[in-house]
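Take a look at the structure below.
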Amino acid sequence: MDPVQGTLQKNTSFWSRINAYYHENKGMILSDRDQNGLEHRWSAIQIAVNKFCGFYKQIEGRQQSGLTQNDKVLQAMKMFHEIQGTTFQFLHCWNELRHAPKWITESSMKKSKNSKTASPATSSLAIPDTKNLGEAEVDNVEVMARPIGRKAVKERLKKDKDKQVVSNITPVTLFIEEIKEERKEKAKSRAEFYSQIYIQEQERIKIEQEHLHVDQENQNLKKEKMRLKIIKNDERIMAMDTSNMPSLQTEYYKKLQMDIIAKEFGGGSSN
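FYI, the numbering for the sequence shown is 1 to 271, going by full-length UniProt numbering.
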């Protein structure tokens with residue numbers, strides 16, 4: 001038998017069994033997918049989950065302190081949305097696949113293979129290629145080594161805990177997280193807005209104070225000019241010769257001179 005044809009026949013048989021199992025167990029799900037439709041659906045799930053695995057691995061590689069697994073999943077979903085331009089819709093699939101022995105084994109083998117030819121940044125996104133699953137591959141899963149004894153118990157507890165954490169992430173949870181992020185951004189923008197207003201107000205007050213200072217200086221300058229003008233006029237009156245003036249004019253200037261003297265020495269005005 002041609003080995004290529006043999007593999008294709010096994011793959012067809014495998015997907016035929018999946019198709020039969022799906023329609024026998026789909027329950028109330030309204031779906032008329034045929035075998036080809038199921039293969040395409042699996043391909044779409046696999047591609048999305050593979051990409052999400054890469055993003056999640058990047059988040060884990062950052063080793064940010066204080067992050068829970070829930071936080072890491074949310075960050076990976078945010079990264080998926082930002083880079084892929086769409087929401088990751090297969091979180092439940094990822095939660096099941098990431099603990100599957102076949103998935104873990106092929107992911108490790110793919111990563112090891114890619115690390116020989118790719119850069120570290122590229123190899124960190126290595127993902128399992130499981131689109132063409134066959135009967136031989138399914139048999140391999142059944143004979144894989146599994147942990148035993150205490151190790152098996154610990155492994156099971158860890159998986160159950162991880163699944164519980166991820167299962168708590170619902171569309172409502174994501175919506176709430178998005179609202180929190182949006183509120184944080186709005187609060188940050190509002191704080192920056194008020195900070196800018198405060199700075200502008202302080203600048204305005206400073207300018208007004210400078211204007212008031214200039215106005216006060218101008219007023220003081222005017223007062224000084226007026227004082228000097230009065231002094232100059234008083235000096236002119238005090239130095240005036242009244243000997244050749246008519247008596248009435250002489251009397252007028254003498255009175256002015258007496259007023260100047262009284263003003264300077266606090267003696268009051270003369271009558």
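Beta carbons are placed, not taken as given, at the ideal position from N, Cα and C, and that holds for glycine.
As the structure is a prediction and not an experimental result, all values here were calculated from the model.
Taking the Cα positions, arginine 190 is about 49 angstroms away from lysine 223. Secondary structure remark: continuous alpha helix (DSSP H) runs of at least 4 residues inside the segment 4–79, in chain order: 35–61.
As the crow flies, the alpha-carbon of threonine 86 is around 29 angstroms from that of isoleucine 18. The DSSP-derived three-state label of alanine 239 is coil. Straight across, the Cα-Cα distance linking leucine 248 with methionine 226 is about 29 angstroms. Here the alpha carbons of glutamate 24 and glutamate 182 stand approximately 44 angstroms from one another. The C-beta distance from phenylalanine 90 to methionine 77 rounds to 11 angstroms, too long to meet the 8 angstroms contact threshold. Straight through space, the alpha carbons of glutamine 202 and glutamine 64 are spaced by roughly 40 angstroms.
For the 8 angstroms CB-CB criterion, serine 16 and glutamine 35 form a contact.
In terms of Cβ geometry, lysine 51 and isoleucine 59 do not form a close pair [threshold 8 angstroms]. For cysteine 53, the closest of Glu251, Gly37, Tyr22 and Cys93 by C-alpha to C-alpha distance is Cys93. Per the C-alpha coordinates, the member of Lys26, Ser31, Glu39 and Asp32 positioned closest to phenylalanine 14 is Glu39. If you draw a 10 Å sphere on the C-beta of phenylalanine 80, you find 16 or more other C-beta atoms in it, and that means buried. Alanine 100 sits in coil when the DSSP states are folded into three classes, being neither helix nor strand.
Distance from the CA atom of aspartate 234 to the CA atom of aspartate 259, rounded to whole angstroms, is 10 angstroms.
The C-alpha of glutamate 208 is placed about 12 angstroms away from the C-alpha of glutamine 216. DSSP places phenylalanine 90 in no alpha helix (DSSP H); its state is neither H nor E. Pairing asparagine 11 with glycine 37, the inter-Cα distance amounts to about 15 angstroms. Listed in chain order, the non-local C-beta contacts of leucine 97 below 8 angstroms within the same chain comprise Val49 and Trp103, local neighbours out to five positions each way being set aside. In summary, phenylalanine 55 is buried, with 16 or more beta-carbon neighbours lying within 10 Å of its beta-carbon over all protein chains present.
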